[in-house]
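Please read the structure below before turning to the comments.
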Amino acid sequence: MPTKLDGDTPAIRLFALLEVIAEKDQYFSLQSLVEELGLPKPTLHRMLQQLDSAGMIQRDGDGRHYSTGVRLRRIAENLLLNNTVHGARRNVLRTLVSEVGESCNITSCASSEVLYLDRVETPAPLRFYLHPGSRVPLHCSASGKLFLTQMTASQRKRLLVPGTLEKYTEKTITDPQALEAELRRASKDGYALDNEEFLPGLTCVAMLVPMPSGKSNLGIAIQAPTIRFQAERIKSCLPALRRAAQALADIEAGSYPERSPTRQRATS
Numbered sequence: 001m002p003t004k005l006d007g008d009t010p011a012i013r014l015f016a017l018l019e020v021i022a023e024k025d026q027y028f029s030l031q032s033l034v035e036e037l038g039l040p041k042p043t044l045h046r047m048l049q050q051l052d053s054a055g056m057i058q059r060d061g062d063g064r065h066y067s068t069g070v071r072l073r074r075i076a077e078n079l080l081l082n083n084t085v086h087g088a089r090r091n092v093l094r095t096l097v098s099e100v101g102e103s104c105n106i107t108s109c110a111s112s113e114v115l116y117l118d119r120v121e122t123p124a125p126l127r128f129y130l131h132p133g134s135r136v137p138l139h140c141s142a143s144g145k146l147f148l149t150q151m152t153a154s155q156r157k158r159l160l161v162p163g164t165l166e167k168y169t170e171k172t173i174t175d176p177q178a179l180e181a182e183l184r185r186a187s188k189d190g191y192a193l194d195n196e197e198f199l200p201g202l203t204c205v206a207m208l209v210p211m212p213s214g215k216s217n218l219g220i221a222i223q224a225p226t227i228r229f230q231a232e233r234i235k236s237c238l239p240a241l242r243r244a245a246q247a248l249a250d251i252e253a254g255s256y257p258e259r260s261p262t263r264q265r266a267t268s
């Protein structure tokens with residue numbers, strides 16, 4: 001059944017259209033939206049022109065296809081960084097740091113990078129400092145690998161182009177096939193590792209925050225100097241990391257409605 005764009009004003013209907021667009025994991029065209037939404041082509045064309053001129057979407061490829069625009073992505077990133085549940089999330093991080101004794105952070109996927117939303121540092125004198133707002137490439141971070149596991153093969157193919165993956169350390173995985181094998185392991189294990197792949201001497205383990213939809217754009221990770229974060233210690237930290245991920249999931253579940261008021265499936 002077609003998706004119905006509800007709204008009493010043109011502005012609210014534009015917002016509802018943005019919700020549809022934000023869920024897409026590939027380029028879309030005017031015609032594909034017409035077929036999906038069942039709206040007249042001139043109406044949708046006018047709405048897309050308005051969003052394009054506002055920087056919310058942009059034309060790509062042959063000019064007939066669209067993707068999310070820079071302005072819309074920046075709004076999404078700012079919302080994540082300045083979310084009203086920040087205090088509750090930080091309490092979860094503080095608890096995790098007290099349990100494992102290492103620096104911990106909350107991350108999100110922003111285009112082709114991992115975005116640090118929040119971080120609590122260990123009191124230990126030997127540590128690596130990465131402040132909220134920092135960005136790390138997907139292919140060489142623990143959280144990034146988990147975000148990659150959720151993408152379609154075509155999405156990953158666009159991001160993991162042979163010869164374009166930067167080698168930050170001797171251990172950075174730059175071969176797409178080797179990285180795919182690493183992603184399969186992460187998907188099977190339920191966690192991912194960064195074994196000195198971004199910074200020499202830094203090891204990281206991450207998990208995704210579970211979401212009802214099954215796809216998550218929130219990760220939680222422990223980072224520590226490799227000298228004190230070896231395999232056995234990493235394994236011992238996994239239960240605490242899993243509890244923290246579930247605590248964040250509970251916070252998210254209490255912060256967002258299950259159903260958007262501006263979008264519904266047509267019932268007739």
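The UniProt record's numbering puts the first residue of the sequence shown at 1, with every later residue one more than the last. Idealized CB from N, CA, C, for every residue including glycine.
Where does residue i land, buried or exposed, given buried means 16+ other C-beta within 10 angstroms?
i: E23; result: exposed
i: Q223; result: buried
i: H131; result: exposed
i: N195; result: buried
i: Y129; result: exposed
i: V92; result: buried
i: A124; result: exposed
i: A153; result: exposed
i: S103; result: buried
i: A245; result: buried
i: A16; result: buried
i: I106; result: buried
i: A181; result: exposed
i: S216; result: buried
i: S141; result: buried
i: T267; result: Annotation note: pLDDT 35 at T267 (below 50); position unreliable, coordinate value reported separately. By the neighbour-count rule (16 or more Cβ atoms within 10 Å), T267 is not buried but exposed.
Considering only DSSP beta bridges, list what residue i is partnered with.
i: C109; result: V114
i: C237; result: According to DSSP, C237 bridges with nothing at all.
i: I222; result: C104 and V205
i: V120; result: C104
May I have the straight-line CA-CA distance separating residue i from residue j, to the nearest angstrom?
i: L202; j: E166; result: 17 Å
i: M151; j: E99; result: 32 Å
i: V136; j: E113; result: 6 Å
i: L51; j: A110; result: 20 Å
i: R13; j: S32; result: 18 Å
i: D175; j: D8; result: 51 Å
i: A249; j: S213; result: 12 Å
i: G254; j: R119; result: 22 Å
i: I57; j: L18; result: 9 Å
i: V205; j: S143; result: 8 Å
i: G101; j: L148; result: 28 Å
i: V85; j: R243; result: 18 Å
i: Q177; j: A186; result: 14 Å
i: residue 306; j: L160; result: As displayed, the chain neither begins before 1 nor continues past 268, which places residue 306 out of reach and without an answer.
i: H139; j: L179; result: 8 Å
i: R90; j: F198; result: 25 Å
i: F28; j: M47; result: 14 Å
i: D60; j: E35; result: 20 Å
i: G133; j: L117; result: 6 Å
i: P10; j: T172; result: 49 Å
i: residue 321; j: G87; result: The structure shown does not extend to residue 321, since the chain spans only 1 to 268, so no value can be given for it.
i: Q49; j: G55; result: 10 Å
i: S236; j: K157; result: 34 Å
i: T226; j: E252; result: 32 Å
i: E232; j: A221; result: 17 Å
i: V209; j: I234; result: 18 Å
i: P162; j: Q155; result: 14 Å
i: K188; j: S53; result: 43 Å
Looking only at C-alpha atoms, which of the options sits nearest to residue i?
i: L193; options: L37, A247 and G219; result: G219
i: L241; options: V136, M207, R228 and L159; result: M207
i: N239; options: S216, I227 and G190; result: Asn is not the amino acid found at residue 239; the sequence shown has Pro there. Considering only alpha carbons, the answer is G190.
i: L79; options: S108, K157 and C104; result: S108
i: L183; options: S154, R46 and L146; result: L146
i: V97; options: G69, Y168, R127 and T122; result: T122
i: R64; options: H45, I75 and A54; result: H45
i: T169; options: P225, P200 and R156; result: P200
i: M211; options: A247, R127, D6 and L115; result: A247
i: G38; options: C237, L115, D6 and E252; result: D6
i: Q26; options: Y66, P40 and S141; result: Y66
i: R228; options: G69, P162, L126 and V20; result: L126
i: I21; options: Q230, S53, K188 and G69; result: G69
Can you tell me whether residue i sits near the ligand NAP, meaning its C-beta is under 7 Å from at least one heavy atom of the ligand?
i: V70; result: Absence of the ligand NAP is noted for the structure shown, with no ligands found whatsoever.
Let me know the beta strand (DSSP E) ranges lying completely inside the UniProt domain "HTH iclR-type" (8-70), each 3 residues or longer, listed in chain order.
57-60 and 65-68
Hey, which unbroken runs of the beta strand (DSSP E) at 3 residues or more fall wholly within the stretch 136-213?
192-195 and 202-208
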